[in-house]
Amino acid sequence: MLKRPGEYEPPLGKIWTRAESRMWTITMFSGTCVLYAARASLPICAAAVAKEFAWNKTDSGTVLSCFFWGYALTQVFAGRIADKYGAEKILPYSSLAWTMITFFTPHLFDFAYWTNYPLVVLLAIRVLTGVCQAFHIPSLASIVSKHLAAADKGRVFGIVLAGSHWGTVLAGAIGSILIEWIGWRSLFQFVGILSLIWCWAFRWVLDKNKGMTGGGGRSSPQPDEEVLLDKKHDTIESHLSANTPCPSVPWGTLFRHPAFWAAAVAQYTGGNSYSILFNWLPSYFHETFPTAKGVVYNVVPSLAIVVTSLVAPVMASRFLAEGKTVTYTRKLMEGASLIGIAFCLMLVPMTSSFWLSLLIFTMAMAARGLHHGGVSVNPHDFAPNHAGSVFGVFNACGAITGFVGVYIAGHILEATNNNWSYVFVVTAAQCVVGAMVYTLLGTGQKII
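Counting in the UniProt record's numbering, the sequence shown runs from 1 upward without gaps.
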């Protein structure tokens, strides 16, 4: 049976059995969960921290956004490092580093104000946190690309990325209670302990599978193992014959292709909307509806994206199973995501009710979840053998919005006396541009 161009590439590592795939998917999903719980901690308690340290909107925007200075810049080379030296060797150290910083963040903030240069120290803390966290997602992309067939990569990686929204829900639900009952410092310590438990669990999984998932040679499956193969195109021999070192990435070919830049634009505009909602939504509700419960507005919108981010990879897989092309599927999912977000954000300035605002933002976050069947997994389509490297560069396009978009949003709020409408309308317009560019130029076929 003939395959469509770019739809199949054999993985570079040992093929996971179904049992191994389930174990690794759960492990990576939970790791992404605690990663984003750590990342969400400061935005959730930003109002309380700003009150204690007397931050204005520009200060808050700077401290929130500078995390992405380190995150975006490090992602450019984090994926290549993971591909070249082995993600399983990188992750334990980088994860332990951001775990420790998360746990001690309250103490580090206090130390910053003990020094004569508090802002400099705060920026250094946040940038370092971003640097350490930048290795996580590209490393997971590298692991998935090496041990799954093309038919399974998008689905599994989409599920793994959905853990990010579970982490936000976890931090929002537990964090809101901890902030109200104990104080904002307890949230960082709670998330830090959870992250430390995950670091131990990840080490256990690595030790259990030692020799099975490294960057070296491939080992053949045992006769009684059920291997995850693309039955239309795969044989075990085709996987084992691909036993080659990690090849260099043909960046020139990739960067000259308009589809890569179309995906980067969609990633940037969608990432910008999510970064603004992720970082500023708690402050918006806290200021606009001061009597509303934080446990409600910190959790409900994130619950919606949890559902759609898990459903989106399944929807995309179903479209592919029905004979739709990868390109059609990616464009449909990403277009629906970006246009859905834009439509919801345009409605926000027309509302004055807490519950209606909550519903609109919940719908916007639900639309964002469709991204996990679209551009989010695109690097596995157009660079199947360089997914970690390409995802690092690609994801940096979205991460840039963290320090550009979030900072600009804070500046707009400061300049307009907290007029949130400007922030949401500008964000919506960018989403429309991203949808148009990706619909015209995007692809789901192999580029390199």
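Don't be surprised by glycine CBs; every beta carbon is placed ideally from N, CA and C.
query	result
Measure the beta-carbon distance from residue 145 to residue 380 and round it to whole angstroms, keeping in mind my assumption that it falls under 8 Å.	6 Å
Measure the Cβ-Cβ separation of residue 434 and residue 330 and say whether it is below 8 Å.	no
Which class does residue 17 belong to by DSSP, given the choice of helix, strand or coil?	strand
Express the C-alpha separation of residue 51 and residue 154 in angstroms, rounding to a whole number.	43 Å
DSSP on residue 299, reduced to helix/strand/coil?	coil
Output needed for residue 260: all residues of its chain with C-beta closer than 6 Å, excluding positions within five of it in sequence on either side, in chain order.	254
Looking only at its chain, what residues have a beta carbon closer than 7 Å to the beta carbon of residue 203, apart from the 5 residues adjacent to it on each side?	92
Would residue 287 be called buried (16 or more neighbouring beta carbons within 10 Å of its own) or exposed?	exposed
At 4 residues or longer, what runs of the alpha helix (DSSP H) sit wholly inside the region 48 to 118?	57 to 85, 87 to 103, 105 to 114
Quick one, are the C-beta atoms of residue 167 and residue 344 less than 8 Å apart?	no
For residue 121, which residues in the same chain have their Cβ closer than 6 Å to its Cβ, ignoring the five residues on either side in sequence?	112, 115
If you pair each beta-carbon of the region 176 to 191 with each one of the region 405 to 424, do three or more pairs fall below 8 Å?	no
How would you label residue 352, buried or exposed, when you count the other beta carbons within 10 angstroms and need 16 or more for buried?	exposed
Could you work out which residue in 38, 14, 20 is closest to residue 462 when comparing CA atoms only?	Residue 462 lies beyond the range of the chain shown here (1 to 448); nothing can be said about it.
How about residue 300 and residue 362: are their beta carbons less than 8 Å apart?	yes
Can you tell me the Cβ-Cβ gap for residue 79 and residue 138, rounded? I've got them flagged as a contact below 8 Å.	3 Å
For residue 256, which of helix, strand or coil comes out of DSSP?	coil
Terminal residues of the continuous alpha helix (DSSP H) containing residue 331?	326 to 347
What's the call for residue 321, buried or exposed, on a 16-neighbour Cβ count within 10 Å?	exposed
Between residue 174 and residue 164, what straight-line distance do the alpha-carbon atoms span, to the nearest angstrom?	16 Å
Thinking residue 313 and residue 388 are a contact (beta carbons under 8 Å), I'd like their distance in whole angstroms, please.	Actually they do not touch by this definition, with Cβ atoms about 19 Å apart.
In angstroms with no decimal places, state the Cα-to-Cα distance between residue 133 and residue 347.	34 Å
For residue 198, does the count of other Cβ atoms within 10 angstroms reach 16, so buried, or fall short, so exposed?	buried
In chain order, what are the residue ranges of uninterrupted beta strand (DSSP E) at least 3 long that sit wholly in the region 162 to 216?	none
Which whole-angstrom value describes the C-beta separation of residue 102 and residue 41, a residue pair presumed to lie in contact below a C-beta threshold of 8 Å?	7 Å
What's the gap between the Cα of residue 224 and the Cα of residue 15?	Residue confidence for residue 224 is low, a pLDDT of 45 falling below 50, so the modelled location carries little weight; the figure read from the coordinates is stated next. Residue 224 and residue 15: Cα-Cα distance of roughly 14 Å.
In whole angstroms, give me the CA-to-CA distance for residue 407 and residue 65.	6 Å
If you draw a straight line from the C-alpha of residue 241 to the C-alpha of residue 249, how long is it?	Reliability fails at residue 241, whose pLDDT of 37 lies under 50, so the model's placement of it is uncertain and the value that follows must be treated cautiously. If you take the alpha carbons of residue 241 and residue 249, they lie about 20 Å apart.
Which residues in the same chain as residue 376 place their Cβ atom closer than 7 Å to its Cβ, once the five residues preceding and following it in sequence are excluded?	158, 161
Using the C-alpha atoms, what's the distance from residue 291 back to residue 76?	43 Å
Let's test the definition: count the other Cβ atoms within 10 Å of the Cβ of residue 256 and tell me whether it reaches 16, buried, or not, exposed.	exposed
Quick one: grab the DSSP three-state call for residue 322.	coil
Between residue 364 and the rest of its own chain, which residues show a CB-CB distance below 8 Å, the 5 nearest in sequence each way excluded?	273, 277, 301, 340, 341, 344, 345
What residue from 327, 354, 54, 281 has the CA that sits closest to residue 445's CA?	327
Tell me where the alpha helix (DSSP H) around residue 138 begins and ends.	136 to 147
Determine the direct distance from the alpha carbon of residue 429 to that of residue 55, and round the result to whole angstroms.	29 Å
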